[in-house]
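When we follow the numbering used here, the leftmost residue of the sequence shown carries the number 632, and every step to the right adds one. Backbone N, C-alpha and C fix where the C-beta goes; we use that ideal spot for every residue, glycine too. From a predicted model like this one, the values you see are computed outputs, not experimental measurements. Structure first, commentary second.
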Amino acid sequence: MQSTEVHIERPIRSTTPSSWCNAYDPNAQPVIPKGQLYGPTPYDINFCFPYVPRALETDQIKLEPFIPRLHGVAFFQHATSFPEDFHFMRFTPPDTLEGLLTYVELTYRRNPANMLFVIIDKATGRFGGVAGLVNCDAEHRTADIAMGIAFRGYRGTSGSVLTASLLLRYCMNLPTDDVPGLGLRRVTWTSHASNPRSQGLARALGMRMEMEKRWSRAISPEKVSNGRMLRSGDPCDSQGVDDLFFVMCFDDWEAGGQNTVAFALATVRYEAKL
Numbered sequence: 632m633q634s635t636e637v638h639i640e641r642p643i644r645s646t647t648p649s650s651w652c653n654a655y656d657p658n659a660q661p662v663i664p665k666g667q668l669y670g671p672t673p674y675d676i677n678f679c680f681p682y683v684p685r686a687l688e689t690d691q692i693k694l695e696p697f698i699p700r701l702h703g704v705a706f707f708q709h710a711t712s713f714p715e716d717f718h719f720m721r722f723t724p725p726d727t728l729e730g731l732l733t734y735v736e737l738t739y740r741r742n743p744a745n746m747l748f749v750i751i752d753k754a755t756g757r758f759g760g761v762a763g764l765v766n767c768d769a770e771h772r773t774a775d776i777a778m779g780i781a782f783r784g785y786r787g788t789s790g791s792v793l794t795a796s797l798l799l800r801y802c803m804n805l806p807t808d809d810v811p812g813l814g815l816r817r818v819t820w821t822s823h824a825s826n827p828r829s830q831g832l833a834r835a836l837g838m839r840m841e842m843e844k845r846w847s848r849a850i851s852p853e854k855v856s857n858g859r860m861l862r863s864g865d866p867c868d869s870q871g872v873d874d875l876f877f878v879m880c881f882d883d884w885e886a887g888g889q890n891t892v893a894f895a896l897a898t899v900r901y902e903a904k905l
């Protein structure tokens, strides 16, 4: 009988504390030189998807890239005048214009997966708000709609319906359609569980609620929480929120979502005071 030789590997020695460290500083704030706060000239949007103007406009509004030199001050003025508009959002407006410009530069322009748009009233040329796409993935053909903020003259005018409809058409239409789009497979919309307006808009556009994510994120004190108690001993004293995730996939789009959005774009009228 032939014997089987067994080799026993020698255990790897554990590293000593002197051979590694953890220099992470949670309070470290990136600093951008003042000369870079407004981005390069010409402004490079640095987005992983092509910008398709035709898919992002109606006879009433159009969505254009956010350019800090043109739109930064107006956005900052709105954010500081109406902080309540951000109570359901992850984003907390900075106290200074420089802080806001830093946020836009790092979160959007330097991250090819994110894109911030401005909402323009075509009749007046005025700037009415912002909307974004984040977590865009060109390989897996996905994107998330995020950061929808309407200025006071644009609010309550059905402008949000038009804006969201344009973003969906841009994402879901095929490049070969009459109005060409990106041909994505999945678009996600995240709503705070206590924000019925956001949820209602997603449903009105044909998006399905796919899941509820409890204790989705920790929030700062001025935000709206889920109202539930933290457990004793929780190392983070920040309250939490629950989020609802709505989706539009390409098969939902082909099965009726496209018609819902097309109807909204063709029939919804608004009269913004911009």
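Measure the CB-CB distance between residue i and residue j and report whether it falls below 8 Å.
i, j, result
"residue 674", "residue 793", "no"
"residue 878", "residue 841", "yes"
"residue 700", "residue 669", "yes"
"residue 697", "residue 761", "yes"
"residue 837", "residue 888", "yes"
"residue 832", "residue 689", "no"
"residue 756", "residue 732", "no"
"residue 855", "residue 685", "no"
"residue 775", "residue 822", "no"
"residue 871", "residue 849", "yes"
"residue 679", "residue 744", "yes"
"residue 683", "residue 812", "yes"
"residue 753", "residue 693", "yes"
DSSP on residue i, reduced to helix/strand/coil?
i, result
"residue 991", "Any property of residue 991 remains undetermined from this structure, which presents the chain solely from 632 to 905."
"residue 705", "helix"
"residue 711", "helix"
"residue 900", "coil"
"residue 662", "coil"
"residue 818", "strand"
"residue 764", "strand"
"residue 595", "Outside the displayed span of the chain (632 to 905) sits residue 595, for which this structure offers no information."
"residue 811", "coil"
"residue 696", "strand"
Smallest Cα separation from residue i: which of the options?
i, options, result
"residue 814", "770, 896, 718 and 669", "770"
"residue 768", "857, 762, 658 and 681", "681"
"residue 758", "899, 782, 864 and 676", "782"
"residue 800", "829, 784 and 894", "894"
"residue 825", "720, 739 and 655", "720"
"residue 661", "777, 784, 812 and 736", "736"
"residue 663", "739, 706 and 729", "729"
"residue 796", "713, 763 and 862", "763"
"residue 671", "876, 656, 828 and 741", "741"
"residue 773", "880, 654, 667 and 898", "880"
"residue 835", "892, 649 and 866", "892"
"residue 786", "713, 861 and 866", "713"
"residue 851", "798, 845, 718 and 860", "718"
"residue 709", "784, 858, 818 and 652", "784"
"residue 859", "845, 866 and 853", "845"
"residue 899", "687, 659, 691 and 651", "691"
"residue 695", "705, 711, 676 and 707", "676"
"residue 715", "890, 853, 830 and 867", "853"
Closer than 7 Å to a non-hydrogen atom of the ligand NAD - does that hold for the CB of residue i?
i, result
"residue 890", "The ligand NAD is not among the ligands present in this structure, which contains no ligands whatsoever."
Jot down the residue ranges of each uninterrupted alpha helix (DSSP H) in the segment 716–762, minimum 4 residues, whole runs only, in chain order.
728–734
Every unbroken alpha helix (DSSP H) inside the segment 835–879 [4 residues or more]:
none
Do the segment 796–805 and the segment 871–888 meet, that is, are 3 or more Cβ pairs less than 8 Å apart?
yes
State whether the segment 745–755 contacts the segment 712–731, with contact taken as three or more CB pairs (one from each stretch) at a distance under 8 Å.
no
Ranges of the beta strand (DSSP E) found wholly within the segment 774–799, counting only runs of at least 3:
The qualifying runs do not exist here; there are none.
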